[in-house]
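First up is the structure itself, then whatever we jot down about it.
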Amino acid sequence: MKREIPLAITFISGFLLIVALFIPHKPFGTLQETFNDWYIIVSGFTMILGIDSLLLHNWNKVKRRKSDWPYALALIMSFFLTFLWGLYSIVYEPTHNPFAPTASFLKYFYKSIFVPLQATMFALLAFFIASAAYRAFRAREINSTLLLFSAALVMLGRVPEGEQAAPYVFGIIFLLFAVYFFIEASLLTAGFLKYLYIALGVLLLAAIYPVGKLLLAYLPKIADWIMNIPQLAAKRGILIGVALGGIAMSLRIIVGIERTYLK
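Residue numbers (UniProt numbering): 1 to 263.
Take a look at the structure:
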């Protein structure tokens, strides 16, 4: 019965929600709002269970002196500090609202502690994103090269000074590639590949000025075209795949095939 009752509740609620979506009339019309209220209540209890699990897990780390236990202790202390300070603002301060403009919780804890810590985390995240972008944008093959150039065009086209800086940025890139091809050609003996590298280097040097003029005139339009045509097409494909995956997973949960939530 421990498995059958949750499966029955899941099937009935999921089926009734589907019916309410396609038949918005009595007695099904108000079912969606009622279920949403129930879900909010249930999610409140699940948050309590999550807090209990989080505190117990970190307390066990502290008690057994596992690796990184000082971080677990800092988390527990921060949780109780936040909870007690917010409770004090609700009960004892005149506004009875921890996020009121004059509340001590907002002024001293949220704005002076939480916001700077959040800014620090996002600043550190920027370095990780830059590192991941560097690894992803290495021009090792044609796909990576196209990704590199399209990303550079979009980033330069979406910032205020990017339109003026783009000719210089791509001019330097073309110059570096030309130097690379000339160096590779100098290391080869006479042959087709040597002359091909020389031709590519000369072509890149000759393209610096016209490409710079083109970017100066049409960079915002090029960036908009990349975002509205190729990027949007790929994005729609991903969203369709996500939607179909969500539908498939929902049906598996409703009919009882997927039961991992019971463990």
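Don't be surprised by glycine CBs; every beta carbon is placed ideally from N, CA and C.
Predicted, not measured: the structure shown is a model, and the values here were computed from it.
- In terms of CA proximity to M249, G14 leads the group K2, G14, A8.
- Only residues of its own chain outside the window of five on either side were considered, and among them T10, G14, Y261 have a CB closer than 8 angstroms to the CB of I253, listed in chain order.
- With a contact defined as Cβ atoms closer than 8 angstroms, L17 and F35 qualify at about 6 angstroms.
- For I76, same chain residues with a beta-carbon under 8 angstroms away, outside a window of 5 residues either side, are L55, N58, W59, V62 in chain order.
- Residue ranges of uninterrupted alpha helix (DSSP H) with 4 or more members, entirely inside the stretch 139 to 190 and ordered along the chain, are 142 to 157, 162 to 186.
- In the same chain as L219, and ignoring 5 residues on each side of it, the C-beta atoms closer than 6 angstroms to its own belong to G157, E163, A166, in chain order.
- No residue range can be given for Y108, since it is assigned to no alpha helix (DSSP H) and is classified by DSSP as neither H nor E.
- If you ignore the 5 residues before and after R236, its C-beta comes within less than 6 angstroms of no other C-beta in its own chain.
- Between Y88 and S112, the gap from beta carbon to beta carbon reaches 9 angstroms or more.
- A119 has its alpha-carbon roughly 13 angstroms from the corresponding atom of F127.
- No Cβ-Cβ contact shorter than 9 angstroms links L200 with F170.
- By the C-beta density criterion, P98 is buried, having at least 16 other C-beta atoms within 10 angstroms.
- Judged by beta-carbon spacing, V211 lies beyond the 9 angstroms limit of A178, meaning their Cβ atoms are not closer than that value.
- DSSP, read as helix, strand or coil, puts P6 in helix.
- Between the alpha carbons of L205 and A185 lies a gap of roughly 15 angstroms.
- The alpha-carbon of D224 is positioned some 46 angstroms away from that of A74.
- Assignment of alpha helix (DSSP H) within the stretch 51 to 131, counting only whole runs of 4 or more residues, yields 69 to 91 in chain order.
- At a Cβ-Cβ threshold of 9 angstroms, E93 and T102 count as neighbours.
- Distance from the CA atom of V19 to the CA atom of L244, rounded to whole angstroms, is 19 angstroms.
- No residue range can be given for P24, since it is assigned to no alpha helix (DSSP H) and is classified by DSSP as neither H nor E.
- Between the C-alpha atoms of T30 and P24 there is a straight-line separation of about 8 angstroms.
- Distance from the CA of A123 to the CA of F109, rounded to the nearest whole angstrom, comes to 20 angstroms.
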